[in-house]
Amino acid sequence: WGSFAKMVEGGAKAMGEKAAIAALEEGEDRGLKEYRSEIDDLSDAQRQFVASMLLPEQQRSHDAMSRMKKSMM
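And the structure:
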């Protein structure tokens, strides 16, 4: 995901800022869906870590991109 984010950031001038933010938000959304769809396959300790640490941070990132996108409308 980091490489994709850097590509989007580098291409923001060509794509336009709004399109770049929308692409980043979509990536964050995919991350959320992936964590949620795979969480039941993890051990108890892994599931707790994902649920308590990773998912909340992923949600915050998604929400930030969403707010940024909406502020550009």
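According to my numbering, the sequence shown holds residues 20 to 92 in order.
Even glycine gets a Cβ: it sits at the ideal position worked out from N, Cα and C.
- Counting along the chain, the unbroken alpha helix (DSSP H) around A39 starts and ends at E36 to E57.
- Inclusion of L61 and H81 in the CB contact set at 8 Å is not warranted, their separation being larger than that value.
- A direct Cα-to-Cα measurement between A70 and E36 gives close to 32 Å.
- Contact between M84 and E47 holds, with the beta-carbon distance rounding to 5 Å and staying under 8 Å.
- Per the coordinates, the alpha-carbon of A64 lies some 19 Å from the alpha-carbon of Q77.
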